[in-house]
Amino acid sequence: MLEDKNPQRTSLEELGEFGLIEHLTQNFELQRPSSLKGIGDDAAVLDFDNKKIVVSTDMLVEGVHFDLSYMPLKHLGYKSVIVNLSDIYAMNAMATQVTVSIAVSNRFPLEALEEFYAGVATACKLYKVDLVGGDTTSSNKGMIISVTAIGMGNEHEITYRSGANPNDLLVVTGDLGGAYLGLQVLEREKEVFKVNPNSQPDLEPYSYLVERQLKPEARKDVVELLKKLEVKPTAMIDISDGLSSEIMHLCKHSEVGCNLFEDKIPLDPTVISTTEEFKMDATMIALSGGEDYELLFTIDQKDFDKIKGNPNLTVIGHMTEKTAGAHLITRANTKIAITAQGWNSFKG
Ligand code: ADP
Ligand code: MG
Numbered sequence: 001m002l003e004d005k006n007p008q009r010t011s012l013e014e015l016g017e018f019g020l021i022e023h024l025t026q027n028f029e030l031q032r033p034s035s036l037k038g039i040g041d042d043a044a045v046l047d048f049d050n051k052k053i054v055v056s057t058d059m060l061v062e063g064v065h066f067d068l069s070y071m072p073l074k075h076l077g078y079k080s081v082i083v084n085l086s087d088i089y090a091m092n093a094m095a096t097q098v099t100v101s102i103a104v105s106n107r108f109p110l111e112a113l114e115e116f117y118a119g120v121a122t123a124c125k126l127y128k129v130d131l132v133g134g135d136t137t138s139s140n141k142g143m144i145i146s147v148t149a150i151g152m153g154n155e156h157e158i159t160y161r162s163g164a165n166p167n168d169l170l171v172v173t174g175d176l177g178g179a180y181l182g183l184q185v186l187e188r189e190k191e192v193f194k195v196n197p198n199s200q201p202d203l204e205p206y207s208y209l210v211e212r213q214l215k216p217e218a219r220k221d222v223v224e225l226l227k228k229l230e231v232k233p234t235a236m237i238d239i240s241d242g243l244s245s246e247i248m249h250l251c252k253h254s255e256v257g258c259n260l261f262e263d264k265i266p267l268d269p270t271v272i273s274t275t276e277e278f279k280m281d282a283t284m285i286a287l288s289g290g291e292d293y294e295l296l297f298t299i300d301q302k303d304f305d306k307i308k309g310n311p312n313l314t315v316i317g318h319m320t321e322k323t324a325g326a327h328l329i330t331r332a333n334t335k336i337a338i339t340a341q342g343w344n345s346f347k348g
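If you read the sequence shown in UniProt numbering, its first letter stands for residue 1, the second for the next number, and so on.
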């Protein structure tokens, strides 16, 4: 599906492990004062003065989390970093460093890894984080990536999943469902391509969705915005698995219930038109889709005026007493219990 635009193939064996590490990491310059020592010693050395440190790690496995038949390696490098930064921002903290570990089989030439690291570099530059280490090893089959993100924050700013109170407002950033639909579009094109390898996919009408899937962004801007607005969320989580599952996490950890209003869920027009084309339900996709990497958070009602009208932020519901449970209030004004998979009526 993706042409090999890189006919040159240098085998990894030619370089050896240390040559490879040196080659892939030579152009990464440290941007953060907190990065005292980056790549090149037995360990990185970081200095955060009196700040609290936030750490998160994620692993991505070929064939499970990504498919190289439609995921360009540069995008994969970018996305691997972004999904980890998103976890740091979800703590209302600033991401500062990452480590990137890769295991690859000898099916990958050096040029493929260069592409991957070009994506890593772009993400590092854009989000102002330093690559300060990693590990490089071989795998029998396919590619495995593990990224660890490190961040910092003041103790009173760090936001947990557990701080939501009844009557707090539930707020989401951006719009939902796009990344999942982008994946559906790519999977459909892959099937078409299998049948007819000469077909040229026309992804233009779906460019927003495909970009949401292949090149997601993390909401660093929202962490900065909330600081500027002087709003400290009471609880926060990033949306990696879908709105319903993240709401359940907030409710469980905060010991509250929730009313989510279907008509408030922010959807891009392409999400609406594409769900119609795919005969899917847009609300269902937003609830269960995942990979949008938006932030979901709760705020005290007294902070509503500070966020009101901001185009990045949408109030989609409010928290309730735990005993009331978590519910979706549909457009038809019926109340349905939310489950991690979506909602009850879609079970079975
Ligand atoms: P060790 O044997 O102590 O694990 P390595 O030879 O694996 O050391 O790594 C040497 C240096 O290169 C370390 O700073 C390590 O963090 C860094 N490094 C190794 N692999 C990668 C990678 N894939 N990306 C970035 N840095 C890496
Ligand atoms: Mg090592």
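Don't be surprised by glycine CBs; every beta carbon is placed ideally from N, CA and C.
Because the structure is a prediction, the values reported are computed rather than measured.
With respect to Arg161, Leu250 sits close: the two C-beta atoms are nearer than 9 Å. With a cut-off of 8 Å, the C-beta of Leu131 is classified as near the ligand ADP, since at least one heavy atom of the ligand falls inside that distance. A check of alpha carbon separations from Cys124 across Gly134, Ser105, Thr96 identifies Thr96 as the nearest. Spatial neighbours of Ile237 in its own chain (CB-CB distance under 8 Å, excluding positions within 5 residues in sequence) are listed in chain order as Ala90, Arg161, Glu246, His249, Leu250, Leu295, Leu296, Phe297.
DSSP, reduced to helix, strand and coil, places Phe18 within a helical segment of the structure shown. The residue from Met71, Tyr117, Leu243, Val223 with its alpha-carbon nearest to that of Asn312 is Val223. Judged by pairs of C-beta atoms under 8 Å, the stretch 163-171 touches the stretch 313-328, as three or more such pairs exist. The ligand ADP approaches Glu17 closely enough that one of its heavy atoms is under 8 Å from the residue's Cβ. Considered as a whole, the UniProt domain "PurM-like C-terminal" (166-322) harbours 169-173, 235-238, 256-261, 295-299, 313-321 as its complete beta strand (DSSP E) runs of no fewer than 3 residues, in chain order. When only Cα atoms are considered, Val231 and Thr283 end up about 28 Å apart. When secondary structure is reduced to three states using DSSP, Phe116 falls in the helix class.
Distance from the CA atom of Asn140 to the CA atom of Ser69, rounded to whole angstroms, is 19 Å.
Ranking Ala179, Leu243, Thr234 by CA distance to the CA of Thr275 puts Ala179 first.
Between the stretch 278-292 and the stretch 138-153, the count of Cβ pairs shorter than 8 Å is below three; the stretches do not touch. For His327, the uninterrupted beta strand (DSSP E) segment begins and ends at 326-329. When C-alpha distances from Pro266 are compared across Gly309, Thr173, Val192, the shortest belongs to Thr173. Boundaries of the beta strand (DSSP E) harbouring Lys335: 335-339, taken from the DSSP string.
Within the DSSP bridge table, the entry for Ala149 names Ser56, Val98 as partners.
DSSP places Asp41 in the strand class (E or B) of the three-state scheme. The closest heavy atom of the ligand ADP lies 8 Å or more from the beta carbon of Thr275.
Not a single heavy atom of the ligand ADP lies less than 8 Å from the C-beta of Leu313.
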